Amino acid sequence: MGVSFAVGNVLSLLPVGVIVLAALLLVLLDVLWAGRANWRLAAFGGVAVVVAGIAQLVYFPRLPSQVLGGALRFDGFAAIVALTVLAVLLLTLIVSPAHMARMGLRGGEYYALLFLSASGMMLLPAARELVSIIICIELLSLPLYVLAGYNRSLAFSREAGFKYFLLGAFASAFMIYGAAFIWGTTGTLWLGGIAESLPSAENRALLLLGLGLLLVGFAFKTALAPFHAWVPDVYEGSPSPVTGFMAAGVKVAVFAVFLRVLMEGLMPLAEFWRLGMYVLAIITMCLGNLLALHQMSLKRLLAYSSITHAGYLVLGLIAANAEAVSAVLFYLIAYSAAVVGSLALVAAWATRRTDDVYISDLRGMAERQPLAALALTFFMLSLIGFPITAGFIGKVLLFYAAYKAGYIALLIIAIINTMVSVYYYLRVVQAMYFLPREQPEEEGAEGAVKAAAPVSAVAWPYLTVALISVITIIVLGLVPRSLLAWLSMCSF
Amino acid sequence: MPSGIGVTCFAGFKLGVTRGPQATALLHLGMEKVLDPVYTYMDYNWVALFIVGAFVLVVICLALAAVLRPHRPDFAKLTTYECGEQTIGSSWIRFNTRYYVIALMFLVFDVDVVFIFPWAVAFRMLTFGDTSLYFQPIGPAALWEMIAFLGILLVAWLYAYKRGALEWV
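Taken in sequence, the protein lines are chains A and B.
If you're matching positions, the first sequence starts at 2 in the numbering used here and goes up one per residue.
If you're matching positions, the second sequence starts at 2 in the numbering used here and goes up one per residue.
Encoded structure:
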């Protein structure tokens, strides 16, 4: 047999191709419409996402199909992650124009960057070779660096973009260096080839060094402690729809590829990375929970909660069995729904001065916006893992996979952390339902201005996204079997 | 660095298909230097000599000058030299961002060219194959891939053009 650069089944590339083409067209359309056409660009983007979603469903790979010489191999796992990313992108697109208008942001590069990042997310779980994986992670991250700093008038946003860029660049450097060491010791970059040549690799020390560097790079991207320092500032500073896109999309894509790299490429070294991930999981869960306990800002709270959820997901990575694959995917889908919905509501209530919502602003929200308050309650319950929400099913599946693999102590720590997290999630619910609206202390003009602080009615885009997410959470929580059957069919 | 990744990719592709330990079968593609285990650390002596020589040369020049020149400081001599003019204000001034934008555009298309070079060198082999190599050609797709790459860069250029990044005045 020979080296085959055969282009392969190009039709598998159709969904990603639509997204990339849409990104390029959005750049050109933005130039054409001179940066004043938020709604038109978002509508065009939405149409493109729907077309890509239909293409993905039509060309759903029942059998894995190779493209580009085997560098990309689309199977059910990759297709489901792609569909999740497309859903997150669509929800972000619905919320974006209203938010941009409120924050006074001009420029349509926003949409093009979202689409480019989404194309990286869609390609990631299909990549079978370390350099392709790294390139797709770069494709995913670089637009997000710009998007994190998009709200240029806000110092917080500029800081967030800068921080994300620096630390993300470090993370990529670690990953590339780790991949180089792994190539040096095993002689191949293909995940299958690495798994085959690992038992006979010579230089064990270099190999473990490479493995460690690769894990550090991935840990940065998935916000595992002690590499989590960028998460709160970046999530708080970014525009809220971008935060939703980051929290959901990046986690889904990078965890999916992380799972694939560990299970398909590095299983012979399982004792080593399992030990490392064990320690990381415990530190992440505990640190994320402890630091979230006293957060008053809703975006920062969601940032620390995303660190904690990354810690829970590491349980699935450590387990690395067949149940873990579908558990991790289900958990990620449930988490994405909750996070995108919460951040849509944050975008609805955010003030222009600081793109953020404080828990004190949420007091008495249940009287003013009952529907939105109920939606936020459901998101908090799903993030806790309360029954009848999708988060509960996700946690059950994940903990079962960890139990099946025999990690009982880790399981107990995860359950204790879940119980601890109930406090800060329910504090949000308490503020909305049980605490009265704060009366302004100063009378007169200043008091009136403060009392009329813009916690306005929730506009239709935010409410739509929130309701879609709530429906997803409830449906997946009550009838998970439909999705689970699909997921277990797509295991690898 | 991109070419380094390109070479690594290329090597990775080559080695990966025959799965590692049989990589020596592909030595005829010019990868001997990377895989040859007979090179020694002695080959780097010339590099060490070059580094030492660079240091010594600079140090000698500066030390000799410091020793030979007179040291008679005067107020006028210690002021900043600005082609004979009087200095006005701080030396930290706002410079035009056009310089940065031009450099950015140059960098993007320079990297573009870096990726076109290996493609151009390998084009004949990609399209028509080579009977002495274990390689299946991909035919016209080689051309379409580069056209797609250049198309994406064309969009970037159009964006920069329309946004006024290429204006100098």
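Where is the CB? At the ideal position from N, CA and C, for every residue including glycine.
Just so you know, these numbers come straight off a predicted model, no measurement behind them.
By the three-class DSSP mapping on this structure, what secondary structure does residue i have?
i, result
"W93 (chain B)", "coil"
"A180 (chain A)", "helix"
"P22 (chain B)", "Per-residue confidence for P22 (chain B) stands at a pLDDT of 42, beneath the threshold of 50, marking its modelled position as unreliable; no derived number is given."
"Q57 (chain A)", "helix"
"S298 (chain A)", "strand"
"W274 (chain A)", "helix"
"Y146 (chain A)", "helix"
"E439 (chain A)", "coil"
"L30 (chain B)", "Confidence is the limiting factor: at L30 (chain B) the pLDDT is only 44, short of 50, which leaves the residue's position unreliable and the question unanswerable from this model."
"Y359 (chain A)", "strand"
"E168 (chain B)", "coil"
"E203 (chain A)", "coil"
"E324 (chain A)", "helix"
"E83 (chain B)", "coil"
"A170 (chain A)", "helix"
"C287 (chain A)", "helix"
"I389 (chain A)", "coil"
"C137 (chain A)", "helix"
"D75 (chain B)", "coil"
"F493 (chain A)", "coil"
"D234 (chain A)", "helix"
"L155 (chain A)", "coil"
"D131 (chain B)", "coil"
"F228 (chain A)", "coil"
"L210 (chain A)", "helix"
Might you give, ordered along the chain, the residues of its own chain that have their beta carbon closer than 6 Å to the beta carbon of residue i, omitting 5 neighbours on each side?
i, result
"F493 (chain A)", "F78"
"P481 (chain A)", "I394"
"T25 (chain B)", "For T25 (chain B), the predicted model reports a pLDDT of 43, less than 50, meaning its position is unreliable; a value from the coordinates is still stated below. Correct list: empty, nothing qualifies."
"A147 (chain B)", "What sits at residue 147 (chain B) in the sequence shown is Met, not Ala. Closer than 6 Å at the Cβ level, and outside the excluded window around M147 (chain B), lie W120."
"E237 (chain A)", "K300, R301"
"L382 (chain A)", "T390"
"A257 (chain A)", "V82, P126"
"S142 (chain A)", "G169"
"W184 (chain A)", "L190"
"K34 (chain B)", "Annotation note: pLDDT 46 at K34 (chain B) (below 50); position unreliable, coordinate value reported separately. Here the set comprises nothing."
Which residue or residues does DSSP assign as beta-bridge partners of residue i?
i, result
"V68 (chain A)", "A:G9, A:L73"
"S306 (chain A)", "None; S306 (chain A) has no bridge partner."
"W350 (chain A)", "According to DSSP, W350 (chain A) bridges with nothing at all."
"W191 (chain A)", "A:E130"
Answer yes or no: the CB of residue i versus the heavy atoms of the ligand NAD, is any distance below 7 Å?
i, result
"L398 (chain A)", "As presented, the structure is devoid of all ligands, the ligand NAD included, so that no description of it is given."
Going by beta carbon distance, what residues of the same chain come within less than 7 Å of residue i, once the five residues before and after it are set aside?
i, result
"M104 (chain A)", "N152, P240, R353, D356"
"G46 (chain A)", "A23, L27, L94, Y112, F116"
"L260 (chain A)", "L318, V326, V329"
"D113 (chain B)", "L154"
Could you check which residue in the options has the C-alpha nearest to that of residue i?
i, options, result
"A172 (chain A)", "A:V217, A:A345, A:I20", "A:V217"
"A402 (chain A)", "A:Y434, A:L91, A:Y332", "A:Y332"
"L145 (chain A)", "A:A127, A:G365, A:S120, A:S133", "A:S120"
"S306 (chain A)", "A:N322, A:Y336, A:V329, A:A72", "A:Y336"
"I138 (chain A)", "A:G478, A:A254, A:P65, A:A35", "A:A254"
"Q296 (chain A)", "A:A226, A:L488, A:D234", "A:D234"
"A196 (chain A)", "A:L263, A:L148, A:G150", "A:L263"
"A406 (chain A)", "A:A271, A:G386, A:A338", "A:A271"
"C495 (chain A)", "A:G71, A:P227, A:G211", "What the structure shows of chain A is the stretch from 2 to 493, and residue 495 (chain A) is not part of that stretch, so it cannot be assessed."
"T465 (chain A)", "A:L344, A:L477, A:T419", "A:L344"
"D76 (chain A)", "A:L124, A:L106, A:L485", "A:L124"
"A349 (chain A)", "A:A458, A:A338, A:L91, A:S470", "A:A458"
"A248 (chain A)", "A:L140, A:H310, A:L91, A:F273", "A:H310"
"L84 (chain A)", "A:L15, A:L64, A:E368", "A:L15"
"M268 (chain A)", "A:A206, A:S198, A:W184, A:L292", "A:S198"
Using a Cβ-Cβ cut-off of 8 Å (strictly less than) and excluding sequence neighbours within five positions of residue i, which residues of its own chain qualify?
i, result
"G193 (chain A)", "R129, E265, G266"
"L30 (chain A)", "A38, R41, L42, F45, G109"
"L411 (chain A)", "Y279, A282, I283, L316, I319, A403"
"G213 (chain A)", "G179, G277"
"R364 (chain A)", "A432, M433, L436, P437, R438, E439"
"V132 (chain A)", "A180, L190"
Review point. Which of the residues in the region 25 to 59 of chain A, read from start to end, lie with their CB under 7 Å from any CB of chain B?
Key: L25, V28, L29, V32
**Study point:** chain A contacts made by the region 137 to 168 of chain B, where a contact means CB separation under 7 Å
**Key:** Q137, I139, A142, I153, V156, L159, Y160, K163, R164
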